[in-house]
Amino acid sequence: MKAFELVLPTGLDQATAALGTTWGKSAILAGGIDILGEMKERTLELDRVVNLKSLRDLRYVTADAKGLKLGALATLTEIANSPDVKARWPGLAQAAHSVGTPQIRNVATIGGNLCQRPRCWYYRGLEFHCLKKGGDHCFAEEGENRYHAIFGDGPCHIVHPSDCAPALIALGARMTITGADGKKRDVDVESFFTMPDEVVERENVLHPNDVVTEITVPAPAAGAKSLYLKMREKQSFDFALASVAIAGRVDGGKWSDVRVVLGGVAPKPWRSKAAEDALNGKRIEDATARAAGEAAVKAAKPMRDNAYKVQLARVAVARAAMSLV
Amino acid sequence: MEKSQKLKLGFGDSFKDVDVTVPDTEPPIWDAKFKPKILGGRTPRIEGRDKVTGKAKYTYDQKPPGLLYGRILRCPHPHAKVKSVDASAAKALPGVKAVITFEGREINAAGEGGAAALAAESPRIADDAIRLIKVDYEVLPFVVDVEAAMKEDAPRVKKGPNSGAPRKPPMRGDVDKGFAESAAVIESNYTTQVQTHSSLETHGSVAKWDGDKLTVWASTQGTGAYREALAQELKLPAENVRVITEHMGGGFGSKFGPQFEGIIAARLAKEANAPVRLMLTRAEEHVDSGNRPSSVQHVKLGASKDGKFTSLDLKGYGTGGTGGGSSFSGPARRIYSIPNMQTEEHDVFINAGYAAAMRAPGHPQGSFALEQAIDELAEKLGMDPLQIRKLNDLNPIRLAEYDIGAKRIGWERRQKNPGSAPGPKKRGLGCGAAVWGAEGGPGAQVQARFYPDGKIEIRNGVQDIGTGTRTLMGLIAAEELGVPLSRITVMIGDTDFPPGVPSGGSQTAGSIAPTVRAAVVDAKNQLAAALAPKLGAKPEEIDVRDGKVWVKGATGPDLAAALAQVEPIVGKGEHSKNFATLYGGIAGAQFVEVEVDVETGFVSVIKVVAVHDCGTPINRLAIESQIVGGVIQGISYALFENRILDRNTGLMVNANLEDYKIAGSKDMPEIEPVIFDTANGLNSVGVFGLGEAANVPTAAAVANAIANATGVRVRDLPMTPDRVLAALAKKG
């Protein structure tokens, strides 16, 4: 790890000022789960680390009639264990619980989970000067791509690793970003994430001096349900090969207002309107759920070694739809 | 001088009398008539508390004053020559104390050896400094694909052809004739992957010079072998080198010697004139500390109408990267009675990390193919897979173990019509046979020291690789003396003590246990001789047992009181040779239940029953721990572990513990270890090790269970969802 300056800000304005305006020179430390790995492996060589944990008022999980508010520093354990979240937004609780290990969830934050960098072994491997690092090609295309994206068509084929992001998008969550001079702006979690053809070096709309400060989830409508289904090779401590977050209402034996968001299959959480259309307004039947699964993967373009992920996504959507009932 | 002894050997209700002659230096052999007072219990490890509280000091924890931290600069090319190294910037960095460069060195695998190494005052300075070294490499052509490497025009991995000489022992019987006379013959191809040892404690050492004497704390499974190799490399007399391994975090066959990093640590320490600690990073551990070679096996197996094996033709190859040692014929040659047999195997060299012995070398590979082939043949004959095994297995121990395992797993629950169960999640059962050959033997020397203050010390240079050797040694001494284990101090892991044996081939228990016993008996004899005049008896009229001294059959003084009356005693023990083996080799059988999700290809192992024998059980807790550990490693090999090389750059892309997947707690089934007691007369204690046997059949049994669940066979390891789905799709 390269030597760095550690900043302990006393306020958000101090934090954003310390972050500066150049990528790669400074970064936020929250739970440290992702960033410390990157620093130790030297994929990140920072001059300055801004420890957000000194801003203790960013750590909360509060629920009321209007909905759920998560401070960026709320830990995944706090979210997964919150009786409110478990009762009213179970998909989010399940997604948070599916991350890593108890030790990781005890320190990993929701802000960090949304902002974490891809696990792609070419991105993480120092020897590979890939697109994300300013190189001229994606090593996965002709290389080892069993864990890579089946959607998105490149030019970079990472999958977004967050479990919580699909769940939040399915639940219609929004987030607050605090930028330079403490200016706040709100975005849908869905539009927070970007595709490699927009900007290949990063995975979201953040500027270098932006801080994700809050996530808000609307109160579920009457009869609304949600769940998160994660398919992973190892049941302990593994990222998703394919996952699906689903949220919506079930009434009169029909699906309605359903949102379907896939994880682990594309460079960003992958909302499938096709799957939603296949479900919304339809009678709850296994064949319809399967059709939704089929619709979800219709546009998939697997590479040499990851076609199995198409099947995993297909089955995940179908099973999640049936389990929502 | 020798004495004869009539032994009662066997198991269960099957015993026989065997006459053996035993040298006078050996205590009488413990056989089936032996009634242990301490052995065979469930004893927590002596060092268990120290380990869980952090008091136990591993190599990584050694911190002599003035310690420097070593780093190696690894080559990013799979094949290259180090033309020149510019280390001036690193040398100029404050805190860097020694730099070694390797100009002219040829590197045959990415990350193998290195271009330079250095030692600095802190890990961070070392980490910064290593990045300041500039190397000019002559990049050479490479090949990492096994099939491509075998082609005529493939780049040469190193000197000599990429395909090693075939190992083809003389044919047993007549294979073709055997097939011609078979009622059923199956032919299949099976492949197994490269597995890395992934020891929790990486390889490494702390080297400290004192003039021309070198002390090394090393994470090694062979203190003596490590010393010899390091002394030779440094051109020192072996007695100038002391190797200490008080505790170690796993080796699995990869830690017999100093390797590159151990030699470099000693050289850096000499150069810097200060102690140096050099422990490999996890990435280095994956690429440059050994691995289990892959295999590509073609199996042709025949049987008569009634299920008797007639003929086996087994051929193929495997890669151990730049190293040899890929093999898989062991199980075929050792387990079943097959009248006609031909095996042929050869190494294929590629520009990748080298092979090292790994927990039953060659055997999990061979088992994966052979045991599946047997199931395929049984299916063709319409026979029960267990029945066909029992018909062709001559080892009565394994036959008994099969019955125990089948009962405990509920073999009758096996799918009669694989794949036909309703729903996507299907259950199935499978089994496989364990085997191992090495049983230990002579070579070690043990001291048993009795002190006037009542202290009893057992000293030997052997290391505890994690199997519980320290506790085993203490238990043998406690049994022989009839005192509680807490009275015994076991001092091991130091070449200043009498020589041990390397912990490989499951030989530690079989070699060390009888040697400890011989030393304690020698000390007892010395004690009897010293006490004789004081007690007015002849030495042969004095016995030490149950923690007391007995004179002419009557209770005498307490052992502690007796020790206070005599000078310190140093008993010496050696183990002369192995004696009777009951049926030859180590048996064992495992049964597995799996659940396969046929829509996703996910395999969950539900239950494993592992029945294993090791002669006289010394410590059931430690034995069960070995069995469970072997099964866990076997499941991990079956479903997850895989070294993945990038086909275009030759670099290992998953040299970490995230993408190199090792089974975790939630991937574990219920594991039921069953110890099958036997009296084998192999040595004075009647014990051998089962650490390797327990790892042999797990992956094969998982594969057979998958086939029983789904009706589809997965013939490639690891059996990941993509492969299970592909196999299911092929069936249609």
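Same order as they appear, the protein sequences are chains A and B.
Heads up, the first sequence stops at 325 in the numbering used here, and the numbers go up one at a time, no gaps.
Heads up, the second sequence stops at 1732 in the numbering used here, and the numbers go up one at a time, no gaps.
By construction, the Cβ of each residue, glycine as well, lies at the ideal position given by its N, Cα and C atoms.
Asked: Per-residue contacts from valine 1653 of chain B into chain A (C-beta, under 8 Å); Found: Trp121, Tyr122, Gly125, Gly143, Glu144
Asked: Segment contact flag, the region 1444 to 1456 of chain B with the region 1516 to 1533 of chain B, C-beta cutoff 8 Å, min 3 pairs; Found: yes
Asked: Beta carbon proximity, proline 1170 of chain B to chain C, threshold 8 Å; Found: Structure shown: chain C not included; protein chains present are A and B.
Asked: Start and end residues, beta strand (DSSP E) containing asparagine 1189 of chain B; Found: 1184 to 1192
Asked: Chain B residues whose Cβ lies nearer than 8 Å to that of glutamine 311 of chain A; Found: Glu1599, Thr1600, Gly1601, Leu1725
Asked: CB of arginine 332 of chain A within 8 Å of CB of alanine 80 of chain A, strictly; Found: This structure cannot settle anything about residue 332 of chain A, because the visible part of chain A is limited to 1 through 325.
Asked: Proximity to alanine 1378 of chain B [Cα-Cα], best of B:Phe1368, B:Ala1369, B:Arg1389; Found: B:Arg1389
Asked: Short CB-CB distance (under 8 Å) between lysine 1661 of chain B and chain A; Found: yes
Asked: In DSSP terms, what lysine 230 of chain A is bridged to; Found: A:Ser243
Asked: Threonine 1508 of chain B beta carbon less than 8 Å from that of glycine 1440 of chain B; Found: yes
Asked: Residue environment, aspartate 1597 of chain B, which counts as buried when at least 16 other CB atoms sit within 10 Å; Found: buried
Asked: Span separating the alpha-carbon of leucine 206 of chain A from that of phenylalanine 192 of chain A; Found: 8 Å
Asked: Reduced DSSP category for alanine 289 of chain A - H, G, I as helix; E, B as strand; rest coil; Found: helix
Asked: Inside the region 1016 to 1071 of chain B only - alpha helix (DSSP H) runs reaching at least 4 residues; Found: 1048 to 1053
Asked: Three-state secondary structure assigned by DSSP to valine 1714 of chain B; Found: coil
Asked: Reference serine 1188 of chain B, options B:Leu1582, B:Pro1293, B:Thr1322, B:His1298, closest by Cα; Found: B:His1298
Asked: Among B:Ile1072, B:Glu1371, B:Glu1103, the one whose alpha carbon lies nearest that of isoleucine 1263 of chain B; Found: B:Ile1072
Asked: Check whether alanine 998 of chain B and phenylalanine 1591 of chain B have beta carbons under 8 Å apart; Found: Residue 998 of chain B falls outside the range modelled here, since chain B spans only 1001 to 1732, and no answer is possible.
Asked: Residue nearest to phenylalanine 1349 of chain B in terms of C-alpha spacing, selected from B:Met1719, B:Gly1504, B:Ser1163; Found: B:Ser1163
Asked: Closest Cα partner of tyrosine 1451 of chain B within the set B:Leu1563, B:Leu1485, B:Lys1552; Found: B:Leu1563
Asked: DSSP state of isoleucine 150 of chain A mapped onto helix, strand, coil; Found: coil
Asked: Cβ-based neighbour list, alanine 63 of chain A, same chain, cut-off 8 Å, excluding 5 preceding and 5 following; Found: Lys69, Ser82, Asp84, Val85, Arg88
Asked: Classification of asparagine 1680 of chain B by the beta-carbon crowding that lies within 10 angstroms, buried from 16 upward; Found: buried
Asked: Contact set between methionine 303 of chain A and chain B, taken where Cβ atoms lie within less than 7 Å; Found: Neighbours of methionine 303 of chain A on chain B: none; closest Cβ ~12 Å, over 7 Å.
Asked: CB contact flag (phenylalanine 1640 of chain B, glutamate 233 of chain A, <8 Å); Found: yes
Asked: Minimum length 4: unbroken alpha helix (DSSP H) runs contained in the region 275 to 324 of chain A; Found: 286 to 297, 307 to 323
Asked: Minimum length 4: unbroken alpha helix (DSSP H) runs contained in the region 113 to 188 of chain A; Found: 121 to 124, 139 to 142, 164 to 170
Asked: 8 Å Cβ cutoff, lysine 1315 of chain B in contact with chain A; Found: no
Asked: Backbone CA spacing between glycine 248 of chain A and arginine 259 of chain A [nearest angstrom]; Found: 6 Å
Asked: DSSP bridge partner residues for lysine 1390 of chain B (one or two, in chain order); Found: Per DSSP, none; premise fails for lysine 1390 of chain B.
Asked: DSSP three-state assignment for histidine 1247 of chain B, whether helix, strand or coil; Found: coil
Asked: Complete alpha helix (DSSP H) runs within the region 1530 to 1566 of chain B (minimum length 4 residues, chain order); Found: 1559 to 1564
Asked: Proximal residues of chain A, C-beta to C-beta of glutamine 1664 of chain B below 9 Å; Found: Glutamine is not the amino acid found at residue 1664 of chain B; the sequence shown has glycine there. Near glycine 1664 of chain B (Cβ distances below 9 Å), the residues of chain A are Thr101, Lys234, Gln235, Ser236, Phe237, Asp238.
Asked: Amino acids of chain B, ordered along the chain, whose beta-carbon sits closer than 7 Å to that of tyrosine 308 of chain A; Found: Gly1601, Pro1721, Asp1722, Leu1725
Asked: Segment contact, 8 Å Cβ cut-off, at least three pairs: the region 98 to 112 of chain A with the region 1625 to 1641 of chain B; Found: no
Asked: DSSP-derived helix/strand/coil call for serine 1304 of chain B; Found: coil
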